[in-house]
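Residue numbers (my numbering): 96 to 611. Structure first, then comments.
In structure tokens:
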């Protein structure tokens, strides 16, 4: 009879082999979806979740005792799977569109997350205290759940938007909000988690709210600064390296990837935001590093990063589906609470999306249309990050709180599945109803220019030239660039970048008269 370590090794090898086979199947499905000229009703992520549930059922049939080893490990998610996805997103971000709308993005991600947290937690607390719900949460538990369920998953959002070819302004608002929102939600979750453990929550006052906002801003600034320092150091290393280095794509690619990962891990270790750090690493890598490496290295980096991001996305959703059965002992299904939770989440999302977009329009030269607001509200998908936070809920040990933790985990899992599968499937039809989805001819023309695709078709143009051409094409982005022309901050940045940063760290000099 095999020993326990040998049995564990066989079990691990078996379920990883099945996972790899599912990945191969998803590659075929993703290829068919990418070649299709219409937005599919069922996305790759939905297929992955369904396959994961079936995979989990098979594993449960084979060995119930080892099922808990097959679920989505939060540490694996945060330190192995998310970094390549967010790095790829940062690398492919249309910088002009992102930073032109940075004020509105921060308004939605920062203030919007706090509003959603307070509304969700306050509503569930009120419903419980007035006898509408059997589950009566404590204030700390209610706002803890409000913070984790307010995490808009960039993976879920990107999966929906990549194939829809939405207008650039809408894409930048949704994508930018989802990335920054996660950092905010994780920090706020940590604050309320401490309150749960201390069995106390201080009254929410204007002073405490101001402290939370300043704390979040400090974390954001610190994360960007940390990422900037690390990436500029690696860019300087590549620019000043021996010319012979360009004959070794493995080394150049390794330097870039490791500098980005160091940014992420350092951000997490210093209690900053690793997600923001690695996102801006992608921005800096595209801006500086791509001009310091050979075309072969650029080819290697671009397609390796896209491949890692694609496989990580699939892996997350497969094991999210597996977790439905793997962590079944951690769930307690209170369906009245779950129904109320989903409804409150939709209301809370509306109460922060529409007012904040209207507020942003006061200072914008290009207003956000009401149809965009509807899509932003509807596409607030919850995903693996919210689920991972739910698995990390810790209580002080009271029996009632332990059961509440199980209820909160179950509600989170249902909300993730509901938004990712059902709302994700409905997003395409909603875009068509609102006339925000490109026509088939527009898609054909747009297909080779879309920068957010997870795995680009290799053509005769080398990836380095394609990246550089794309950067030049950003000057013709449909996102209004007039905001930058009167922005003194942008003018100062351009002057600093052209006079000092690019000569030192790499980058293409700006053409005369180029306002981008």
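All C-beta atoms, glycine included, are put in the ideal place defined by N, C-alpha and C.
Delimiting residues of the alpha helix (DSSP H) encompassing residue i
| i | result |
| --- | --- |
| residue 444 | 430 to 456 |
| residue 382 | 369 to 382 |
| residue 483 | 479 to 486 |
| residue 417 | 390 to 421 |
| residue 345 | 344 to 364 |
| residue 89 | Since the first residue of the chain shown is 96 and the last is 611, residue 89 is not available in this structure. |
| residue 531 | Taken as a continuous stretch (DSSP letters only), residue 531 belongs to no alpha helix (DSSP H), as it is neither H nor E. |
| residue 223 | 207 to 224 |
| residue 318 | 301 to 334 |
| residue 242 | 234 to 243 |
| residue 56 | Absent from the model: residue 56. The displayed extent of the chain is 96 to 611, so no value can be given. |
| residue 602 | Premise fails: residue 602 is in no alpha helix (DSSP H) and is neither H nor E. |
| residue 145 | 139 to 157 |
| residue 468 | 465 to 473 |
| residue 181 | 177 to 186 |
Cutoff 8 Å; reference residue i; Cβ partners in own chain excluding five residues on either side
| i | result |
| --- | --- |
| residue 420 | 148, 151, 152, 154, 155 and 162 |
| residue 595 | none |
| residue 137 | 520 |
| residue 282 | 310, 311, 314 and 368 |
Distance between residue j and residue i (C-alpha atoms, nearest Å)
| i | j | result |
| --- | --- | --- |
| residue 553 | residue 395 | Annotation note: pLDDT 34 at residue 553 (below 50); position unreliable, no value reported. |
| residue 450 | residue 441 | 14 Å |
| residue 219 | residue 435 | 8 Å |
| residue 213 | residue 601 | 45 Å |
| residue 586 | residue 592 | 10 Å |
| residue 371 | residue 354 | 14 Å |
| residue 197 | residue 116 | 41 Å |
| residue 604 | residue 319 | 23 Å |
| residue 429 | residue 437 | 12 Å |
| residue 200 | residue 375 | 15 Å |
| residue 581 | residue 202 | Note that residue 581 scores a pLDDT of 40, beneath 50, so its modelled location is shaky and nothing firm can be said. |
| residue 113 | residue 174 | 23 Å |
| residue 508 | residue 482 | 6 Å |
| residue 182 | residue 373 | 6 Å |
| residue 425 | residue 337 | 55 Å |
| residue 448 | residue 527 | 21 Å |
| residue 209 | residue 106 | 43 Å |
| residue 158 | residue 171 | 22 Å |
| residue 486 | residue 140 | 21 Å |
| residue 471 | residue 399 | 31 Å |
| residue 304 | residue 366 | 20 Å |
| residue 206 | residue 307 | 11 Å |
| residue 111 | residue 590 | 51 Å |
| residue 474 | residue 363 | 28 Å |
| residue 352 | residue 522 | 34 Å |
| residue 381 | residue 390 | 13 Å |
| residue 180 | residue 225 | 43 Å |
Neighbourhood of residue i by C-beta, 6 Å cutoff - its chain only, sequence neighbours within 5 removed
| i | result |
| --- | --- |
| residue 529 | 466 |
| residue 443 | 211, 214 and 215 |
| residue 231 | 223 |
| residue 514 | 476 and 477 |
| residue 284 | 242, 243 and 484 |
| residue 452 | 463 and 468 |
| residue 245 | 208, 211, 212 and 280 |
| residue 277 | 246, 370 and 480 |
| residue 272 | 200, 203 and 204 |
| residue 193 | 267 and 271 |
| residue 327 | 600 |
Beta-carbon proximity list for residue i, same chain, < 7 Å, skipping 5 on both sides
| i | result |
| --- | --- |
| residue 133 | none |
| residue 176 | 407, 410 and 411 |
| residue 346 | 340 |
| residue 142 | 121 and 124 |
| residue 427 | 498, 501, 502 and 505 |
| residue 387 | 330, 333, 334 and 601 |
| residue 518 | 473 and 476 |
| residue 413 | 114, 117, 143, 146, 147 and 150 |
For the 8 Å Cβ check, are there 3 or more pairs between the segment 404 to 423 and the segment 111 to 127? The segment 404 to 423, when compared against the segment 111 to 127, does touch it at the 8 Å Cβ threshold.
Check your understanding: Using 8 Å as the Cβ pair cut-off and three pairs as the minimum, do the segment 231 to 242 and the segment 263 to 272 touch?
Key -> No, the segment 231 to 242 is not in contact with the segment 263 to 272.
### Task
Determine contact between the segment 352 to 366 and the segment 322 to 329, defined as no fewer than three beta-carbon pairs at a distance below 8 Å.
Contact between the segment 352 to 366 and the segment 322 to 329 is present, because at least three Cβ pairs lie under 8 Å.
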